[in-house]
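K.L.:
I have a structure here, written as structure tokens, and I will follow up with some questions on it.
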Amino acid sequence: DAGVIQSPRHEVTEMGQEVTLRCKPISGHDYLFWYRQTMMRGLELLIYFNNNVPIDDSGMPEDRFSAKMPNASFSTLKIQPSEPRDSAVYFCASSLYAGTGSYGYTFGSGTRLTVV
Amino acid sequence: AQSVTQLGSHVSVSEGALVLLRCNYSSSVPPYLFWYVQYPNQGLQLLLKYTSAATLVKGINGFEAEFKKSETSFHLTKPSAHMSDAAEYFCAVKGSQGNLIFGKGTKLSVKP
């Protein structure tokens, strides 16, 4: 398996523009997570899905952020409109069904977003 | 609710010295615990995980961690640090919803 694939690796955009980040999880994984990492706030969970259904979006900072998972092999995180404070590295991760299991996450390489 | 606390946001050791990164957890149920490593400009990689099978867990790159229930700890160690170990290390506990709850991370620097 190629692992969790994120695109693009780097994105530079102007304030006010729409940004779409993409993620392809590992085939067969039931959970998908979106994280944001900054120097100031560390690693923050934004939202996660189980079997394509959003379970907890309490970490989404504001209405400008939205995430979808139309099928088991694809998810997007959209920011509209983008602001300079959204500049961060965004990670996607996937996992097998957890429940009482011991599965960890597999992370993608991240998308480094810069909003100017 | 589950949580982890990593003591020390920065740790610096000399090459060849012992590495000790501290993690304490809080959990109302037997925990599943993890250590992840993040090298510069990369995603997080799983170092090792505790699943209740054995209290001493060995991971990749010579790292190991010991689960101590009495101390609610899961500290990460490596007998001899290498320059390539310089990275940020995250402790995590499995939450009740199946998600991982991460600590704030510890940056390890290795001096020549």
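Taken in sequence, the protein lines are chains Y and R.
The first sequence begins at -6 in the working numbering and counts up by one.
The second sequence begins at 30 in the working numbering and counts up by one.
Note that CB positions come from ideal geometry on N, CA and C, so glycine has one too.
Just to confirm, are T106/R and V66/R a CB contact at a threshold of 8 Å?
P.N.:
Result no, Cβ atoms of T106/R and V66/R do not sit closer than 8 Å.
K.L.:
Take the Cβ of G9/Y as the centre, count every other Cβ of all protein chains shown within 10 Å, and call the residue buried at 16 or more, exposed below.
P.N.:
Flag for G9/Y reads exposed.
K.L.:
Return helix, strand or coil for S38/R, following the three-state DSSP convention.
P.N.:
Here S38/R sits in coil by DSSP.
K.L.:
Whole angstroms are fine: how far does the CA of E7/Y sit from the CA of E93/R?
P.N.:
Rounded to whole angstroms, E93/R to E7/Y spans 45 Å at the Cα level.
K.L.:
Kindly list the residues whose CB is nearer than 6 Å to the CB of K71/Y, restricted to its own chain and excluding five residues on each side of it in sequence; keep chain order.
P.N.:
Result list for K71/Y: T13, S59, in chain order.
K.L.:
Using a Cβ-Cβ cut-off of 8 Å, state whether S68/Y counts as contacting chain R.
P.N.:
By this cut-off, S68/Y is not an interface position.
K.L.:
Mind checking K98/R: buried by the 16 CB within 10 Å criterion, or exposed?
P.N.:
Under this definition K98/R is an exposed residue.
K.L.:
Does DSSP classify N45/Y as helix, strand or coil?
P.N.:
Residue state, collapsed to three classes: coil.
K.L.:
Can you list, in chain order, the residues of its chain with a C-beta nearer than 8 Å to that of G132/R? Leave out the 5 residues immediately preceding and following it.
P.N.:
These residues qualify, in order along the chain: V33, T34, Q35, C52, F119, C120, A121.
K.L.:
Helix, strand or coil for I19/Y? Go by DSSP, reduced to three states.
P.N.:
Three-state result, I19/Y: coil.
K.L.:
For F26/Y, collect the residues of the same chain with a Cβ closer than 6 Å to its Cβ; drop the 5 residues on either side in sequence, then sort them by chain order.
P.N.:
Cβ within range, chain order: Y41, A86.
K.L.:
Kindly indicate which residue of T69/Y, P74/Y, K17/Y, G97/Y has the alpha-carbon position closest to the one of D56/Y.
P.N.:
That would be P74/Y, whose Cα lies nearest to the Cα of D56/Y.
K.L.:
To be precise: take each residue of the stretch 79 to 94 of chain R, compare its Cβ to all Cβ atoms of chain C, and keep it if any distance is under 7 Å. Which residues remain?
P.N.:
Among the protein chains of the structure shown, namely Y and R, there is no chain C.
K.L.:
Using beta carbons (cut-off 8 Å, strictly below), is N53/R in contact with chain Y?
P.N.:
Closer than 8 Å: no.
K.L.:
Counting only beta-carbon separations shorter than 8 Å, does L36/Y have a partner in chain R?
P.N.:
Closer than 8 Å to some Cβ of chain R, the Cβ of L36/Y qualifies, so yes.
K.L.:
At the 8 Å Cβ level, is G37/R part of the contact set with chain Y, yes or no?
P.N.:
Taking Cβ atoms only, chain Y never reaches closer than 8 Å to G37/R, which makes this a no.
K.L.:
In whole angstroms, give me the CA-to-CA distance for P54/Y and Q71/R.
P.N.:
Using only the alpha carbons, I get a separation of about 24 Å.
K.L.:
Can you name the residues that DSSP bridges to H104/R?
P.N.:
Answer is E95/R, bridged to H104/R.
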